[in-house]
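Accompanying notes for the structure given below.
Protein chains: 4
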Amino acid sequence: MLIQIDMSIDKPIYEQIRDAIIKGILKGELTKGKQLPSSRALASSLSVNMHTVNKAYNILKQDGFVSVIKRKGVVINDKNQYRADEAYLNILEEKLESIVTEAKCRGLTADEINSIIGKIYNQI
Amino acid sequence: MLIQIDMSIDKPIYEQIRDAIIKGILKGELTKGKQLPSSRALASSLSVNMHTVNKAYNILKQDGFVSVIKRKGVVINDKNQYRADEAYLNILEEKLESIVTEAKCRGLTADEINSIIGKIYNQI
Amino acid sequence: MLIQIDMSIDKPIYEQIRDAIIKGILKGELTKGKQLPSSRALASSLSVNMHTVNKAYNILKQDGFVSVIKRKGVVINDKNQYRADEAYLNILEEKLESIVTEAKCRGLTADEINSIIGKIYNQI
Amino acid sequence: MLIQIDMSIDKPIYEQIRDAIIKGILKGELTKGKQLPSSRALASSLSVNMHTVNKAYNILKQDGFVSVIKRKGVVINDKNQYRADEAYLNILEEKLESIVTEAKCRGLTADEINSIIGKIYNQI
DNA sequence: GTGGTCTAGACCACG
DNA sequence: GTGGTCTAGACCACT
């Protein structure tokens with residue numbers, strides 16, 4: 056499980072960590088019950104601050120991807136603890152709205168957008 | 056052409072203005088050659104800072120949606136000045152990547168994502 | 056609106072701040088749209104760190120009590136944004152379970168507990 | 056008498072043990088004079104540290120629920136050794152205060168809270 | 001001047 | 001040795 060942080064882009068570090076872990080779950084590298092590195096350890100290996108890692112871990116916990124077990128560590132949850140629900144679908148739609156609007160305005164058809172989605176979906 | 060600013064969400068105001076104008080173009084309310092309100096006027100009617108409107112206008116100009124014509128104001132460009140190109144497609148793919156990753160991780164199929172896209176696409 | 060922090064009890068400071076603000080809402084001192092002091096200002100007046108105040112504010116935001124408006128401040132939400140829902144009722148039940156169990160074990164009747172609840176409910 | 060420890064919630068293990076034993080007393084599984092397993096034995100069967108069990112036992116002793124008898128072990132006390140007194144009622148009220156405040160703020164009536172209490176009270 | 005993000009370093013409870 | 005909490009102080013984007 057490799058996490059790459061890019062300080063030059065403007066995505067916050069904690070989001071990059073969050074996204075990398077979600078990707079790890081998706082790729083099957085992080086399976087249910089598997090333990091993440093301690094916040095100190097990951098912080099040190101990424102050369103970032105412990106609190107930054109903790110922030111990522113707490114967001115993942117809030118989103119149901121992991122359980123933070125005090126004095127034990129952070130472990131990956133079961134799939135159905137982060138299966139898409141109504142609330143998530145609303146957020147997803149919101150996130151997509153301005154992207155799709157711009158794409159349509161720039162002349163892309165729904166099919167063209169969908170083929171990009173499909174490409175991303177299959178290559179991860 | 057109505058622009059609604061929502062201070063409570065964390066999308067920057069200049070992005071909300073930008074998105075609203077792109078939406079206006081898409082809906083046919085803002086057609087080629089049509090003039091946008093002066094930044095002073097729009098700022099006043101939205102109760103935001105003039106620099107915020109200018110920032111939105113400059114991004115729109117950079118993206119090819121409008122031209123800033125001296126002593127004339129800001130006018131909407133022709134469609135082919137902002138038609139999707141290679142560079143835009145790369146940015147689009149980047150924007151979609153982490154969204155699609157999370158959606159897949161949460162159990163959505165590519166078809167389900169596409170149907171959300173389709174829904175957004177058709178209702179705007 | 057007075058907030059009192061007690062360093063000697065073991066309730067975290069950010070929870071004390073959170074609870075004080077909820078109490079303020081309940082007492083009608085903090086009404087919809089009213090602005091909370093900036094995190095710096097409140098931190099300074101309570102002699103605690105800004106991050107501690109921010110943590111309280113973010114929890115209140117997450118729970119629907121306030122909106123955090125970047126570069127503007129934190130404002131109280133409308134009642135129906137924090138009206139009890141299913142999720143809250145579950146949490147509430149969890150919180151009450153061990154308390155009620157102990158009370159029953161110590162010989163209190165349901166009526167006795169309820170009269171304590173009633174007393175608290177009416178005096179705030 | 057079954058004790059279930061849940062590492063994933065953030066209630067300390069020693070409190071979970073304490074609560075489980077109080078529940079056992081309430082359900083009549085642990086009656087006056089009955090002996091609790093040795094801390095070593097319970098720790099082993101729960102896969103937790105012996106000190107954690109001892110901490111739970113010591114709190115139970117302090118609260119009057121059990122007596123620690125040398126060379127005999129830990130035995131359940133008589134009901135009137137842990138019957139609710141003034142001190143306990145004060146603690147109880149304190150514990151309930153912030154819970155009730157939030158519930159009221161979220162629009163619950165005293166009756167609604169009491170019906171939740173009643174439900175919990177009767178099902179244990 | 002606001003909140004957001006990040007760093008560095010500390011103490012604590014729990015186990 | 002873990003995560004939780006707190007402090008002190010910094011820079012940034014946005015307005």
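In order, the protein sequence lines correspond to chains A, B, C and D.
Using this note's numbering, read the first sequence as starting at 56 and increasing by one per residue.
Using this note's numbering, read the second sequence as starting at 56 and increasing by one per residue.
Using this note's numbering, read the third sequence as starting at 56 and increasing by one per residue.
Using this note's numbering, read the fourth sequence as starting at 56 and increasing by one per residue.
We treat Cβ as the ideally placed atom computed from N, Cα and C, and that holds for glycine.
The structure presented is a predicted model; accordingly, all values stated were derived computationally and were not measured.
Chain C places no beta carbon closer than 7 angstroms to that of MET105/B, leaving this residue out of the contacts. The beta carbon of TYR176/C sits closer than 7 angstroms to some beta carbon of chain D.
With contacts defined by Cβ atoms closer than 7 angstroms, THR156/A and LYS78/B form a contacting pair. Three or more beta-carbon pairs separated by less than 8 angstroms are not found between the segment 137 to 147 of chain D and the segment 100 to 107 of chain D, which leaves the two stretches without contact. Around the beta carbon of ALA158/B, 16 or more other beta carbons lie within 10 angstroms, which makes this residue buried. Residue range 128 to 131 is occupied by the beta strand (DSSP E) that includes GLY128/C. In the three-state scheme derived from DSSP, where H, G and I count as helix and E and B as strand, VAL155/A is classed as helix.
At least 7 angstroms separates the beta-carbon of TYR69/B from that of ALA98/B. For ASP118/B, same chain residues with a beta-carbon under 7 angstroms away, outside a window of 5 residues either side, are TYR137 in chain order. Contacts with chain A at 7 angstroms (Cβ-Cβ) include LYS150/B. Under the rule that a run must span 4 or more residues, the alpha helix (DSSP H) segments found entirely inside the segment 64 to 123 of chain B read 68 to 81, 94 to 101 and 105 to 117. Comparing alpha-carbon positions, the option among MET62/D, PRO92/D, LEU151/D and ILE114/D lying closest to VAL129/D turns out to be PRO92/D.
Counting along the chain, no alpha helix (DSSP H) covers ALA139/C, and no H or E run does either.
With contacts defined by Cβ atoms closer than 7 angstroms, ILE175/D and GLU141/C do not form a contacting pair. Taking 7 angstroms as the cut-off, the beta carbon of GLY173/D is found closer than this to the beta carbon of ALA165/C. In the structure shown, the three-state DSSP call for LYS174/D is helix. For TYR137/A, the nearest CB of chain B lies under 7 angstroms from its own CB, placing it at the interface with that chain.
Take the alpha-carbon of VAL123/A and the one of ALA96/A: they are about 15 angstroms apart.
When C-beta distances to chain D are compared with 7 angstroms, the residues of the segment 114 to 143 of chain A below that value are SER122, ILE124, LYS125 and LYS127, in chain order. In this structure, VAL121/C lies away from ASN109/C, with their beta-carbon atoms at least 7 angstroms apart. In this structure ILE80/B is buried. Its beta-carbon is surrounded by 16 or more other beta-carbon atoms within 10 angstroms.
Between ALA75/C and chain D, the shortest Cβ-Cβ separation is not below 7 angstroms. Interface residue (Cβ-Cβ distance to chain C less than 7 angstroms): VAL108/D is not classified as such.
By the 16-neighbour rule on beta-carbons within 10 angstroms, ASN169/D is buried. A check of alpha carbon separations from THR107/A across LYS66/A, ILE171/A, LEU163/A and GLN178/A identifies LYS66/A as the nearest. The beta carbon of LYS159/D falls within 7 angstroms of a beta carbon belonging to chain C, placing the residue at that interface.
The beta carbon of ASN145/A does not come within 7 angstroms of any beta carbon belonging to chain B, so the residue lies off that interface. LEU163/D is classed as buried because its beta carbon has at least 16 other beta carbons within 10 Å across all chains shown.
Interface annotation, LEU81/B: in contact with chain A, CB-CB separation under 7 angstroms.
An exposed status is given to SER63/C, since fewer than 16 other beta-carbon atoms sit within 10 Å of its beta-carbon. If the five residues before and after GLN71/B are omitted, its C-beta is found closer than 6 angstroms to the C-beta atoms of ILE60, all from its own chain and listed in chain order. TYR143/A and ARG161/B do touch by the CB rule: their CB atoms are close to 6 angstroms apart, below 8 angstroms.
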